[in-house]
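Protein chains in written order, with the numbering used here: chain A, 1 to 113; chain B, 114 to 228. Let me begin by presenting the structure, written as structure tokens, before commenting on it.
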Amino acid sequence: DVKVTQSSRYLVKRTGEKVFLECVQDMDHENMFWYRQDPGLGLRLIYFSYDVKMKEKGDIPEGYSVSREKKERFSLILESASTNQTSMYLCASSPGQVHQPQHFGDGTRLSIL
Amino acid sequence: RKEVEQDPGPFNVPEGATVAFNCTYSNSASQSFFWYRQDCRKEPKLLMSVYSSGNEDGRFTAQLNRASQYISLLIRDSKLSDSATYLCVVNPGRILTGGGNKLTFGTGTQLKVEL
Chain A
1 DVKVTQSSRY LVKRTGEKVF LECVQDMDHE NMFWYRQDPG LGLRLIYFSY
51 DVKMKEKGDI PEGYSVSREK KERFSLILES ASTNQTSMYL CASSPGQVHQ
101 PQHFGDGTRL SIL
Chain B
114 RKEVEQDPGP FNVPEGATVA FNCTYSNSAS QSFFWYRQDC RKEPKLLMSV
164 YSSGNEDGRF TAQLNRASQY ISLLIRDSKL SDSATYLCVV NPGRILTGGG
214 NKLTFGTGTQ LKVEL
């Protein structure tokens with residue numbers, strides 16, 4: 001079974017803080033993704049990575065950056081947290097073949113006060 | 114028009130009922146399709162892939178209609194444990210540089226199975 005592990009289930013931070021969300025997968029997948037999920041809006045892609053040190057912007061990258069220094073680890077960084085970044089953050093991974101589904105971690109519920 | 118559209122529900126059905134969800138997609142070049150299940154405050158989990166010929170997994174049947182650009186999920190003999198949100202997921206055909214695909218997620222259909 002694919003295992004995608006996110007570092008925290010719940011996190012509370014203050015406006016202006018730099019926030020790090022970590023994700024690790026154990027299946028040697030090439031692709032890793034960060035989404036946020038908000039009521040009524042579904043999953044929205046923030047950033048993804050298809051290889052170590054490679055990244056591409058998703059649909060809503062503003063206010064976020066990412067880092068992929070090792071194949072198994074993909075970090076999401078909120079440079080200066082704001083209240084509108086309060087959300088559920090989901091990490092996913094998929095292998096480097098077409099037509100493959102993505103596998104999700106159990107999510108981080110982030111609150112920015 | 115949204116890339117993937119689903120009726121948000123909720124669908125409230127009695128235990129043992131048969132329920133069907135539809136999902137439409139806008140990109141005719143879409144190549145693969147999935148249904149995910151998401152329980153309240155949990156992550157989405159792959160329920161099943163959807164193949165051109167239709168496929169069945171126990172009480173669950175998925176079908177694809179490329180001409181009309183919709184996919185469906187049928188759940189027979191509903192259980193209380195089937196209560197969840199069902200996400201329709203489409204691969205619009207963009208292949209990532211390293212292989213693999215970017216997926217587009219619907220906003221989900223909520224199912225509540227009641228005694």
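Glycine is no exception: its CB is placed at the ideal position from the N, C-alpha and C atoms.
Do you know how far the Cα of residue j is from the Cα of residue i?
i: B/Leu-163; j: A/Gly-16; result: A small fix is needed here, since residue 163 of chain B is Val in this sequence, not Leu. Roughly 44 Å separates the two Cα atoms.
i: B/Ile-188; j: B/Leu-224; result: 11 Å
i: B/Arg-207; j: A/Ile-46; result: 16 Å
i: B/Asn-178; j: B/Ile-184; result: 6 Å
i: A/Lys-114; j: A/Gly-105; result: Outside the shown range of chain A (1 to 113) lies residue 114 of chain A, about which nothing can therefore be said.
i: A/Glu-72; j: B/Pro-121; result: 35 Å
i: B/Phe-230; j: B/Ala-175; result: With chain B represented from 114 up to 228, any question about residue 230 of chain B goes unanswered, as that position is not in the structure.
i: A/Arg-109; j: A/Arg-9; result: 6 Å
i: B/Pro-127; j: B/Thr-222; result: 17 Å
i: B/Asn-168; j: B/Phe-147; result: 11 Å
i: B/Cys-136; j: A/Gly-42; result: 14 Å
i: B/Arg-150; j: A/Tyr-64; result: 27 Å
i: B/Glu-118; j: B/Lys-215; result: 17 Å
i: B/Asp-190; j: B/Ala-130; result: 5 Å
i: A/Ile-112; j: B/Ala-180; result: 45 Å
Tell me, please, which residues DSSP counts as bridged to residue i.
i: B/Gln-176; result: B/Ser-185
i: A/Met-27; result: Answer is none; A/Met-27 lacks a bridge partner.
i: A/His-99; result: DSSP output for A/His-99 lists no bridge partner at all.
i: A/Ile-112; result: A/Lys-13
i: A/Asp-1; result: None; A/Asp-1 has no bridge partner.
i: A/Ala-92; result: A/Phe-33, A/Phe-104
i: B/Asn-125; result: B/Lys-225
For a contact meaning CB atoms closer than 7 Å, what does residue i contact in chain B?
i: A/Pro-101; result: Phe-147, Leu-159, Ser-162
i: A/Leu-90; result: Glu-156
Can you list the residues of chain A that residue i reaches, using a CB-CB cut of under 8 Å?
i: B/Gly-221; result: Gly-42
i: B/Glu-116; result: By Cβ distance, chain A contributes nothing, its closest Cβ being about 10 Å from B/Glu-116, past 8 Å.
i: B/Lys-225; result: Those within 8 Å of B/Lys-225 in chain A number zero; the least Cβ separation is about 17 Å.
i: B/Asn-214; result: Ser-94, Val-98, His-99, Gln-100
Residues of chain A with CB under 7 Å from residue i, in chain order?
i: B/Asn-204; result: His-99
i: B/Ile-208; result: Val-98
i: B/Phe-218; result: Gly-42, Leu-43
i: B/Gln-144; result: His-99
Please name the residue, chosen from the options, that lies closest to residue i on a Cα-to-Cα basis.
i: B/Glu-124; options: B/Tyr-199, B/Glu-118, B/Cys-153; result: According to the sequence displayed, residue 124 of chain B carries Phe and not Glu. Taking only the C-alpha atoms, the option nearest B/Phe-124 is B/Tyr-199.
i: A/Lys-55; options: A/Leu-11, A/Phe-74, A/Leu-43; result: A/Phe-74
i: B/Ser-165; options: A/His-103, A/His-99, A/Val-24, A/Asp-1; result: A/His-99
i: A/Cys-23; options: A/Glu-79, A/Ile-112, A/Glu-69; result: A/Glu-69
i: B/Ser-152; options: B/Leu-228, B/Leu-186, B/Leu-193; result: For the record, residue 152 of chain B in the displayed sequence is Asp; it is not Ser. Answer by Cα proximity: B/Leu-193.
i: B/Thr-217; options: B/Val-202, B/Ala-130, B/Glu-118; result: B/Val-202
i: A/Pro-61; options: A/Gln-102, A/Arg-44, A/Thr-83; result: A/Arg-44
Run through chain B and tell me which residues come within less than 9 Å of residue i, C-beta to C-beta.
i: A/Asp-106; result: Lys-155, Glu-156
Can you confirm whether the stretch 27 to 40 of chain A touches the stretch 90 to 109 of chain A when touching is taken to mean that 3 or more C-beta pairs between the two stretches lie within less than 8 Å? Verdict: yes, contact present.
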